[in-house]
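Q:
Numbering (the working numbering), first residue to last: 673 to 831.
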């Protein structure tokens, strides 16, 4: 909620990269907020990005291999994604990625690297970080994650 002392993050694009700027609210004005910087703007750490479980169709395209399509909830952020039951790929594998979300006309395209592939008896967890993503696609990912989080919050509070 908006109150003096609450921390906030401003997102903006500079030099083709989505940057985060940590701020603190100093005053709540009638039509805006007065924010002060608490740190230098930067890309942020991977785990700091807002995440959401999003039902998606994700196509992974390993070099020299056939495309692999997975349709399932994906833990998604602007820095990468995690699938609870993904394909069997090795750590370090680089793949082309196409992400198609509901109500989107054009898929989000980029490249990712497998950072964690873990098998257990029932599933194969696959986590990837984006290594190449156009700033427009990164902004679309952020918007998608925030839209899903806002819808979940609205359901929780009965709206």
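The beta carbon of each residue, even a glycine, is placed where N, CA and C say it ideally should be.
1. Could you pull out every residue in the same chain whose Cβ sits closer than 8 Å to the Cβ of residue 679, ignoring the five residues on either side in sequence?
2. What does the alpha-carbon distance come out to for the pair residue 699 and residue 767?
3. At which residues does the beta strand (DSSP E) containing residue 789 begin and terminate?
4. I think residue 755 touches residue 746, with their Cβ atoms under 8 Å apart; what is that distance to the nearest whole Å?
5. Does residue 717 pass the burial test, meaning 16 or more other C-beta atoms within 10 Å, or should it be called exposed?
6. Any chance you could list the beta strand (DSSP E) runs of at least 3 consecutive residues sitting entirely within the region 726 to 754, in chain order?
A: Once the coordinates are examined:
1. 694, 695, 696, 697, 710
2. 46 Å
3. 780 to 791
4. 6 Å
5. Unreliable positioning characterises residue 717 in this predicted model, as indicated by a pLDDT of 48, which lies under 50. The coordinate reading is nonetheless provided below. Exposed, by the Cβ-count rule.
6. 740 to 748
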